[in-house]
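Residue numbering for the sequence shown follows the working numbering, beginning at 6 and increasing consecutively.
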Amino acid sequence: MKARARALRRSSPVGAFVATIKARIFIAFFVMSLLSGGLGFYAIVAIAHVGDLVGRTYDQSLMSINYARATAADFAKMRATFARQGLTRDKAAIAKLDAQITELHTTLAEDLTIAVERAQSDRAVRAALAVQSGVAAWDDIRRSFGDLSAVRPERWDALDHQADAIDAQIDMLVNYTAGDGFTFRQAARMAVGSELRLNMAAALLAIFGSGVIAWLLHRRIRGPIVSASLAAQRIAGGHLDDSIPTDGRDELGSLLRSMAAMRDNIRAMMEREVRQRQSAERLLTDALQSSREGVVVVDALGCIAFANPMALKFFEGLGTAGNSSGETNCREALSCDGEFRLPNGRWLRVSRSATEGGGFVAVCSDISVEKEQEAKLRETNLRLDAALDNMSQGLCLYDADHRLMVVNRRYGQIYGLPANAVTPGMTAMEVLAVSSNGGNSAVPSVYPVIDELPNGKVIAIERRNTADGGFVATFEDVTERRHAEARIAFLAHHDVLTGLPNRIALEQQINASIAQTGRDQGFAIFALDLDDFRPINDTFGHAVGDELLVAVANRLSACVREIDCVARIGADEFVVVQRAVERPEDAAVLARRLIDVVKAPYVLSNQTVSVGVTIGVTVAPGDGTSCGKLLKNADVALARAKAEARGAFRYFEPDMDARLQARRALESDLRHALETKAFEVYYQPIYSLGSERICGFEALLRWKHPVRGFISPAEFIPLAEELGLIVPLGEWVLVQACTDAARWPDGLKIAVNVSAVQFTSASLVSAVRDALRTTGLPGRRLELEITESVLVANPGVTTAILHSLKGLGVRVSMDDFGTGYSSLSYLRSFPFDKIKIDQSFVRDLCEEDGTDFIVRAVISLGASLGMTTTAEGVETEAQLARLRAEGCDEVQGYLFSRPVPITEVPNVIARWNGATRAIA
């Protein structure tokens, strides 16, 4: 009955489908997919739940804590702003600070509102309300103060007490929100743990169900597969008579029936193949015996199994007993495919084909005659190829019909043609079309020809007729020769770096302008010199300097017309020739444009820098009619402009030449004075108001000219900076001052001024270190004075140098504070030891013009930052008394002593630090 029921199920369409292997596999994987899908759906729901918990944790707990802390920060800013309000007397500043407090109060209320909205407990809400009411009460108390200088101490105590209460309430609010967040986090962790356990249980259940389904599927299909595998192995082993079970109704049953049919077909085919092979062997034997090719069969062991008559003829003695030379020659020839020469001079071409048994069949062809002809042809071709391929010119040989016969490799290289683009048999016009990229160039009628290609190459073409009516054309690439000639001609009249005309070309332009000068029109010559180029070149390197010069040249060229000329005649010196100048004002317009364009910042490869330009202008023919005269006048005007105001321009005036000669003489005398050490160091005492005694001296450089007498430092110091002499001069002053100070009492310090140019030198730190080591002066007794301009030029590099100097124990002071940029960021970026108040403020200290407020502010600032304040230029008792009342630490000026030479320093020390004091 069960068998009958199974038969009925198989006969129905559904039963037949279920009986197939693909149906069983489909059902198994469908059930496993349902399990995996259910598990995945449950995981998605769990992840969504966890995501909701995370979102609520951030939106409520964390945001509530953050805004509670923001409330504390807002109140702290309100208190700080109110404190700043109490330190100022400026009504506008007070009003501005009061507006800031109101704005902060509004911000605090907004932050507090958000914290309450995100809070998760009533206690946090109550704490927030308490904070809000407390801040309002604090603000009411603050507003009731009015004039802060008149507020009684008990009211300040009430305000501070209210602020402390608010801080405590804010701390309680933060703690409440943090505690609520912790409670919510614990609940979230428990929910996540529960979801994880449920997911693990569901995963284990799905794995178990999948394993059961896989086991049932394996049990059902394994038997038929084993039967099919054994039948395939028997057929592969050649057992074509074994029986194959064919009663299965599924796919494997169909496979077994097909294998049985295949076995019968294989058996019939084998019998037919045997008959065909026997017939082929008879035909092959006849062909081998009569073939003109030698055929040798070698088995897998390397033994010669067969050789036809032609092979026996090629290898004499092969197969003859006692004669091994023939077999040896045969084995050598058959060792590989290719050509082989026999001892008798015969050439054979051997071609081997592998056999199924592991051996091979070799076919030997006699190519002796072919080899002889090939050797002769190869020798001829080698001579010709060697000649053609080693030519530096391209070559094309044409016959009488102007068809190409020979072309060498160099021709294709010259014209950039791909291989085989030009081949023998092409006409001259076809070759020309290919070489000119399909152009319609005509064949030249006159030779030689210079052909300039679109890619810039220059080709020299020669043609010679041949005796048979054809011709040979040679092609030589003369591009490099032409470029070299053009480059030489260009460099003879242009600057290598910028490509601008050089002095030779400039003089030609000026002479041409002089020749073209008319009655109503002249021309102007501008001598330009870049300001602050040398510090940039020394600081960032010559590569940046060269790039800057090129950029300046481009900007200058863009400012002038085509009829004008821009030339470079020195390192940072340029000359502009402006033609068709009707009046001097035309030159002024161009000069201003040049200054504005050049001083704009330059964005280079690795740096952003700025330079200025100073210009001297001379106008022809009024200022001269010769090139040399005009260039000299422009240089004189440039020198005047540099001396008066850099970044400006000056016209040439006749009396400038005399001043220039005087400046040149002063430059020469300054160099000579540096070489002969003709300078002196004078010392002005620095008086401490706290200890009522001299606490040190400032070293001041003096130069006594042999003719002019003492020259003001304001005159020769800028000149030394411009000439690059300030670095060695400053190092000499440093060593001399340290040497003199080393002989003074230990409590006295020495202050030395450092130029901004010295900070562009890499040797400043090493110079200070060497001076201290050589003289034995402790670093704590040396004080270096710098101005604010040093920090403006390159604050990053300057700050690094100042820290290196501090590492030597040297004190650093900011000189002339308040006369420059006066940026408080400089005091913050570097911890100065001293601030020196400029004498311009001290001079007007007793005047009712607000100077006393500035001095008081600087002294207060220094005291707040822990810096000593020194006032310069104290000349009267009233100034001293005022500075003493304001709390100034140190003073110096003519009231105590003028700068004195080293020989008078002991007398100054004895006067002010002895038993008798002139000022008490």
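Ideal placement from N, C-alpha and C gives every residue a C-beta, glycine not left out.
Which residues bound the beta strand (DSSP E) around P690? Along the sequence shown, read from residue 1 onward, the residue named residue 690 stands at position 685. Start and end: 684–693.
Bridge partners - Q174, DSSP secondary structure assignment: Taking the first residue of the sequence shown as 1, we reach residue 174 at position 169. Per DSSP, none; premise fails for Q174.
Stretch-stretch touch, CB-based, cutoff 8 angstroms, three pairs: the stretch 674–690 with the stretch 639–652: No: fewer than three Cβ pairs fall under 8 angstroms.
How would you label E877, buried or exposed, when you count the other beta carbons within 10 angstroms and need 16 or more for buried? The residue given as residue 877 occupies position 872 in the sequence shown. Per the 10 Å Cβ criterion, buried.
Kindly list the residues whose CB is nearer than 7 angstroms to the CB of G735, restricted to its own chain and excluding five residues on each side of it in sequence; keep chain order. The residue you call residue 735 lines up with position 730 of the sequence shown. So the qualifying residues of the chain are V759, S760, Q763.
Quick check on the burial criterion: 16 or more other C-beta atoms within 10 angstroms. Buried or exposed for Q666? For this step, residue 666 is matched to residue 661 along the sequence shown. It is exposed - the Cβ of Q666 has fewer than 16 other Cβ atoms within 10 Å.
Cβ contact check for the stretch 88–105 and the stretch 31–45: 3 or more pairs under 8 angstroms: Contact annotation: the stretch 88–105 does not touch the stretch 31–45, with fewer than three C-beta pairs closer than 8 angstroms.
Excluding the 5 residues flanking H498 on each side, which residues of the same chain have their C-beta closer than 8 angstroms to its C-beta? Working through the sequence shown from its first residue, we reach residue 498 at position 493. Exclusion of the five residues before and after H498 leaves P506, N507, I509, A510, Q513 as the residues of its chain whose Cβ lies within less than 8 angstroms of its Cβ.
For V616, which option in G362, R539, P626 has the closest C-alpha, if you only look at C-alpha atoms? As a working mapping, residue 616 is identified with position 611 in the sequence shown. Closest option to V616, Cα to Cα, is R539.
Could you name the residues of the same chain whose beta carbon sits closer than 6 angstroms to that of S766, not counting the 5 residues immediately before and after it, in chain order? Against the sequence shown, residue 766 aligns to sequence position 761. In chain order, V732 place their CB closer than 6 angstroms to the CB of S766, counting only its own chain and leaving out the 5 sequence neighbours on each side.
Alpha carbon to alpha carbon, how far is D342 from L317? Taking the first residue of the sequence shown as 1, we reach residue 342 at position 337. Taking the first residue of the sequence shown as 1, we reach residue 317 at position 312. Rounded to the nearest angstrom, the two C-alpha atoms are 19 angstroms apart.
Classify P904 as buried or exposed, calling it buried when 16 or more other Cβ atoms lie within 10 Å of its own Cβ. Counting from one through the sequence shown, the residue named residue 904 turns up at place 899. A residue is called buried once 16 or more other Cβ atoms fall within 10 Å of its Cβ, and P904 is buried on that count.
Are T76 and D116 touching if we call contact CB-CB under 8 angstroms? Looking up residue 76 in the sequence shown gives position 71. Looking up residue 116 in the sequence shown gives position 111. Yes, these two residues count as a Cβ contact at 8 angstroms.
Given 8 angstroms, three or more beta-carbon pairs between the stretch 141–160 and the stretch 204–217: Put simply, the stretch 141–160 does not touch the stretch 204–217. Fewer than three CB pairs are less than 8 angstroms apart.
Could you tell me which of C570, F528, A576 sits nearest to G550, measuring between CA atoms? Your numbering for residue 550 matches position 545 in the sequence shown. The option with the nearest alpha carbon to G550 is A576.
Pairwise C-alpha distance: L813 and T803: Translated into positions along the sequence shown, residue 803 becomes position 798. Translated into positions along the sequence shown, residue 813 becomes position 808. For the pair T803 and L813, the Cα-to-Cα distance works out to about 16 angstroms.
Cα-Cα separation, W708 to P690: Here residue 708 refers to the residue found at position 703 when the sequence shown is read from its first residue. Here residue 690 refers to the residue found at position 685 when the sequence shown is read from its first residue. Rounded to whole angstroms, W708 and P690 show a C-alpha spacing of 20 angstroms.
By the 10 Å Cβ neighbour count, where 16 or more other Cβ atoms means buried, how is C308 classified, buried or exposed? Looking up residue 308 in the sequence shown gives position 303. It counts as exposed.
Have a look at R598, G527, G546 and flag the residue whose alpha-carbon is nearest the alpha-carbon of R560. The residue labelled residue 560 in the question sits at position 555 within the sequence shown. Nearest C-alpha to R560 among R598, G527, G546: R598.
By how many angstroms is the C-alpha of S768 removed from the C-alpha of G919? Position 914 of the sequence shown, counted from the start, is the residue given in the question as residue 919. Position 763 of the sequence shown, counted from the start, is the residue given in the question as residue 768. Going from the Cα of G919 to the Cα of S768 covers about 40 angstroms.
Within its chain, find whatever has a CB closer than 6 angstroms to the CB of S809; leave out the 5 residues flanking it on each side and keep chain order. Stepping through the sequence shown from its first residue, residue 809 is reached at position 804. So the qualifying residues of the chain are V770.
Can you list the alpha helix (DSSP H) stretches of 4 or more residues lying completely in the stretch 329–364, in chain order? Qualifying alpha helix (DSSP H) stretches, in chain order: 330–338.
So, using beta-carbon positions, are L787 and C743 closer together than 8 angstroms? Numbered from 1 along the sequence shown, position 782 holds the residue referred to as residue 787. Numbered from 1 along the sequence shown, position 738 holds the residue referred to as residue 743. Against a cut-off of 8 angstroms, the Cβ pair of C743 and L787 comes out as a contact.
In whole angstroms, what is the alpha-carbon distance linking S356 and Q378? In the sequence shown, residue 356 corresponds to position 351, counting from 1. In the sequence shown, residue 378 corresponds to position 373, counting from 1. Spanning the two alpha carbons is a distance of roughly 21 angstroms.
Can you check whether the CB of V557 is closer than 8 angstroms to the CB of L535? The residue labelled residue 535 in the question sits at position 530 within the sequence shown. The residue labelled residue 557 in the question sits at position 552 within the sequence shown. Yes, Cβ-Cβ distance for L535 and V557 is below 8 angstroms.
Identify every run of the alpha helix (DSSP H) within the stretch 63–133, keeping only runs that are complete inside it and at least 4 residues long; order them along the chain. 68–92, 96–123, all fully within the stretch 63–133.
Using 8 angstroms for Cβ pairs, my map puts M872 next to K841. What's the rounded Cβ distance? The residue given as residue 872 occupies position 867 in the sequence shown. The residue given as residue 841 occupies position 836 in the sequence shown. At roughly 10 angstroms, the Cβ-Cβ gap does not stay under 8 angstroms, so M872 and K841 are not in contact.
Please list, in chain order, all residues of the same chain as R128 whose beta carbon is under 6 angstroms from its beta carbon, the five residues on each side excluded. Within the sequence shown, numbered from 1, the residue matching residue 128 stands at position 123. Residues of the same chain with a CB within less than 6 angstroms of the CB of R128, apart from the 5 flanking positions on each side, are Y181 in chain order.
Would V133 and V121 be called neighbours here (beta carbons separated by less than 8 angstroms)? Locating residue 133 in the sequence shown gives position 128, counting from the first residue. Locating residue 121 in the sequence shown gives position 116, counting from the first residue. Checking the sequence, you will find Ala at residue 133 rather than Val. The answer is yes: Cβ separation under 8 angstroms.
Helix, strand or coil at V795 [DSSP, three-state]: Position 790 of the sequence shown holds residue 795. Helix at V795.
Taking the C-alpha atoms as reference points, what is the distance between Q137 and D176? In the sequence shown, residue 137 corresponds to position 132, counting from 1. In the sequence shown, residue 176 corresponds to position 171, counting from 1. Near 13 angstroms, if we compare the C-alpha coordinates of D176 and Q137.
Report the three-state DSSP secondary structure of R748 (helix, strand or coil). Indexing the sequence shown from 1 puts residue 748 at position 743. DSSP places R748 outside both helix and strand once states are collapsed to three, so it counts as coil.
Beta-carbon proximity of R668 to A648, cut-off 8 angstroms: As a working note, residue 668 is residue 663 in the sequence shown. As a working note, residue 648 is residue 643 in the sequence shown. Yes, Cβ-Cβ distance for R668 and A648 is below 8 angstroms.
If you scan the stretch 367–405 from start to end, which runs of the beta strand (DSSP E) of 3 or more residues do you find wholly inside it? Within the stretch 367–405, the runs of beta strand (DSSP E) that reach at least 3 residues and sit entirely inside it are, in chain order, 399–403.
Can the beta-carbon of T503 be found closer than 8 angstroms to that of V582? Position 498 of the sequence shown, counting from 1, holds the residue named residue 503. Position 577 of the sequence shown, counting from 1, holds the residue named residue 582. Contact check for T503 against V582 fails: the beta carbons are separated by 8 angstroms or more.
What residue from G151, T188, I218, F46 has the CA that sits closest to F35's CA? Within the sequence shown, numbered from 1, the residue matching residue 35 stands at position 30. If we check each option's Cα against that of F35, I218 comes out closest.
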